[in-house]
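Have a look at the structure below before the remarks.
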Amino acid sequence: MREIEALRSILERVLQQAHSHPVTDVNLVLGELAEVTDVTIRQLWNELSRGTLAEQSRLHIRLIQAEVQCMACFQKYHPSDRQIRCPYCGSFGAKILAGEECFLESIELDHP
1470 MREIEALRSI LERVLQQAHS HPVTDVNLVL GELAEVTDVT IRQLWNELSR
1520 GTLAEQSRLH IRLIQAEVQC MACFQKYHPS DRQIRCPYCG SFGAKILAGE
1570 ECFLESIELD HP
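Take the sequence shown: its position 107, counting from 1, is numbered 1576 in the numbering used here, and each next residue is one higher.
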């Protein structure tokens, strides 16, 4: 599951940027086509951040809507329920343009 590795990498970046200051807020971007849900991301974050400067941080997740482009008619659309059949021409071939993201947007630190 690549989101677990992505989350580990995000935590490493957060801790590097914290410079010994407690992390209060972590802002992530998660695409709706990502392999995990925001609930799973929160659970993983709680486990991975335990014992670190980010342990008490609030995790904020901004969801990105999926967008695909039909490879037959080149129309862009937002698929529903992971069904990527083109609503314009009925084709199943589509290129994902957005919705698989999982990345760190920003952090906030507690500066004494």
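Beta carbons: idealized from backbone N, C-alpha and C, even for Gly.
Cβ-based neighbour list, residue i, same chain, cut-off 8 Å, excluding 5 preceding and 5 following
{"i": "I1533", "result": "V1498, L1499, G1500, E1501, A1567, G1568 and E1570"}
{"i": "S1489", "result": "L1522"}
{"i": "A1541", "result": "C1555, C1558, S1560 and G1562"}
{"i": "E1524", "result": "S1518"}
{"i": "D1507", "result": "L1499, I1530 and L1532"}
Proximity winner among the options, relative to residue i (alpha-carbon distances)
{"i": "E1574", "options": "R1471, V1508 and R1482", "result": "R1482"}
{"i": "D1550", "options": "L1476, N1496, L1484 and A1503", "result": "A1503"}
{"i": "H1529", "options": "R1471, I1473, I1510 and H1547", "result": "I1510"}
{"i": "E1516", "options": "H1580, F1572 and I1473", "result": "I1473"}
{"i": "T1493", "options": "R1527, A1535, F1572 and C1539", "result": "R1527"}
{"i": "G1520", "options": "R1471, C1539, H1580 and P1491", "result": "P1491"}
8 Å contact criterion, which residue i and residue j should meet: CB distance rounded
{"i": "I1576", "j": "V1537", "result": "Actually they do not touch by this definition, with Cβ atoms about 31 Å apart."}
{"i": "L1480", "j": "S1518", "result": "6 Å"}
{"i": "R1554", "j": "F1561", "result": "5 Å"}
{"i": "W1514", "j": "L1484", "result": "Actually they do not touch by this definition, with Cβ atoms about 13 Å apart."}
Counterpart residues of residue i in DSSP-defined beta bridges
{"i": "E1577", "result": "D1494"}
{"i": "L1484", "result": "Answer is none; L1484 lacks a bridge partner."}
Close Cβ partners of residue i (< 6 Å) along its chain, the five nearest in sequence each way excluded
{"i": "R1531", "result": "V1498"}
Neighbourhood of residue i by C-beta distance below 7 Å, restricted to the same chain and skipping five residues each side
{"i": "Q1486", "result": "I1576"}
- Message: Quick check on the DSSP output: what are the complete beta strand (DSSP E) runs of length 3 or more inside the segment 1521-1569, in order along the chain?
- Response: 1527-1533, 1536-1539 and 1563-1567
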